[in-house]
Amino acid sequence: MSNAKVVFFTGLHEKIVEIVTDHAPEGFETQVIYRNTPLDEQKAAVADADFILVYGARLHDDVLKAAPKARMVQLLAAGYDSMNLKLLREMEIPCCNNGGANSRAVADEALFLMLSLYKQGIAAHASTTSGEWNAPIDGFNTFELADKLVGVLGIGNIGRQVSRRVQGFDARVQYYDLFPLSQEQERELDVTRVSLEELFRTSDIITCHTPLTSETLHIVNAENLGLMKSSAVLINTSRGPVVDEAALIEALQEGRIAGAGLDVFEQEPVDPNNPLLKMNNVVVSPHSAGTTWNTWFRRAEFAYRNMNGVWNGDAPMAVAQDYD
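Heads up, the sequence shown is in the working numbering, so the first residue is 27 and it goes up one at a time.
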């Protein structure tokens, strides 16, 4: 049997690329194509590709159409909104995400954002280093997670990891998902399924962990933000357009919600003049939640295991849901 050819489209540092490609099993050859490579060279590379591996690159439709032999598109990321799933479906090529390989890292970030807001972490650091001892802590603006009701919007791999973490702080968890858990899974995870309206109306913290699809675009909109308690905070480590940013800015400016922790934005890189970057009750990071040293090994191991399985006749794992 001939070797399997993998074409890896990426913008990663060479050291990370090496970590990823070192996970290729015997009989797999990986060609690395960086995202600034001319389109004609990209198309030529995939002409005889058995698998397309992607991280940090957006593939032009013409590149996908130039890959008639491809058995699968394998993503190292969890999100798949950068891929043309409709085209891949027409070509009968499955698109698979990372199977939860970065779920721990993203869940850690969500918890970090919650605690940063509840403990005034960023303001406390800034005031301490500037010599204003204890300035932002007035006894009325810091809180504990214990007994808070956390609303998880999307209970996939990341949402489940977040649920376990906040439960470790004695918080309670409710969730909403288009694809709900079974009753047995809900009992095991100790979470309660609620309607979208109830999630926004009753949660102390809303934390977003849903993929970006036509169903979830702006699911956090003015109407749902208007349901939230004035003491509630919003966390988003999923995709920026899950949140209607203009509506969020207005809700924060008018004091209708207490704060937000954001790893993602509607426009990335974020505009330096974005009002969210100027607010004292907003904590931000640069879409880095899933990026840790540990995740590259798990991402790569899963990706090549999945491709190897398909190469040997197994069904693909972690196939992206096409909601459209």
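All residues carry an ideal CB built from backbone N, CA and C; glycine is no exception. These numbers were taken from a predicted model, which means no experiment stands behind them.
Just checking residue i against the ligand PLP - is the residue's beta carbon closer than 7 Å to any of the ligand's heavy atoms?
{"i": "PRO342", "result": "In the structure on display, the ligand PLP does not appear, and there are no ligands present to speak of."}
To the nearest angstrom, report how far apart residue i and residue j are at their CA atoms.
{"i": "VAL188", "j": "SER28", "result": "43 Å"}
{"i": "GLU40", "j": "ILE184", "result": "28 Å"}
{"i": "TYR330", "j": "LYS304", "result": "43 Å"}
{"i": "PHE323", "j": "THR317", "result": "11 Å"}
{"i": "LEU114", "j": "ASN128", "result": "24 Å"}
{"i": "ASP74", "j": "ALA133", "result": "38 Å"}
{"i": "SER108", "j": "HIS86", "result": "10 Å"}
{"i": "PRO301", "j": "TYR60", "result": "34 Å"}
{"i": "ASP216", "j": "PHE54", "result": "42 Å"}
{"i": "ASP350", "j": "GLU241", "result": "Legend: pLDDT at ASP350 = 45, less than 50; position of this residue unreliable, value from coordinates given subsequently. In a straight line, the C-alpha of ASP350 is about 8 Å away from that of GLU241."}
{"i": "GLU251", "j": "HIS244", "result": "First, the amino acid is wrong: residue 251 is Leu here, not Glu. C-alpha separation (whole angstroms): 11 Å."}
{"i": "GLY177", "j": "SER221", "result": "11 Å"}
{"i": "PHE195", "j": "LYS174", "result": "9 Å"}
{"i": "HIS49", "j": "GLU327", "result": "6 Å"}
{"i": "ALA258", "j": "GLY82", "result": "33 Å"}
{"i": "THR233", "j": "LEU274", "result": "14 Å"}
As a quick exercise: from the options, pick the residue whose alpha carbon is nearest that of residue i.
{"i": "ALA131", "options": "ALA149, SER264 and TRP337", "result": "SER264"}
{"i": "GLU44", "options": "ASN332, ALA149 and ARG325", "result": "ARG325"}
{"i": "LEU204", "options": "PHE195, LEU238 and ASP173", "result": "LEU238"}
{"i": "MET117", "options": "ALA96, TYR106 and ALA104", "result": "ALA96"}
{"i": "GLU292", "options": "LEU137, ALA315 and PRO267", "result": "PRO267"}
{"i": "SER311", "options": "THR321, ASN320, GLU327 and GLU294", "result": "GLU294"}
{"i": "ARG213", "options": "SER229, LEU225, GLU223 and ARG190", "result": "ARG190"}
{"i": "ALA346", "options": "VAL296, PRO64, MET98 and THR47", "result": "MET98"}
{"i": "LEU101", "options": "PRO162, PHE35 and VAL308", "result": "PHE35"}
Buried or exposed: residue i, going by 16 or more other Cβ atoms within 10 Å of its Cβ?
{"i": "LYS31", "result": "buried"}
{"i": "TRP159", "result": "exposed"}
{"i": "GLY157", "result": "exposed"}
Report the partner residues of residue i according to the DSSP bridge assignment.
{"i": "THR56", "result": "VAL32"}
{"i": "ALA286", "result": "LEU260 and VAL308"}
{"i": "GLY177", "result": "GLN200 and ILE232"}
{"i": "PHE77", "result": "VAL32 and MET98"}
{"i": "VAL345", "result": "CYS122"}
query = Given 8 Å as the limit, is there contact between the region 287-294 and the region 207-224, that is, 3 or more CB pairs closer than that?
reply = Verdict: no, contact absent.
Touch test, the region 57-69 against the region 86-95, Cβ-Cβ under 8 Å, three pairs minimum = They touch, by the three-pair rule.
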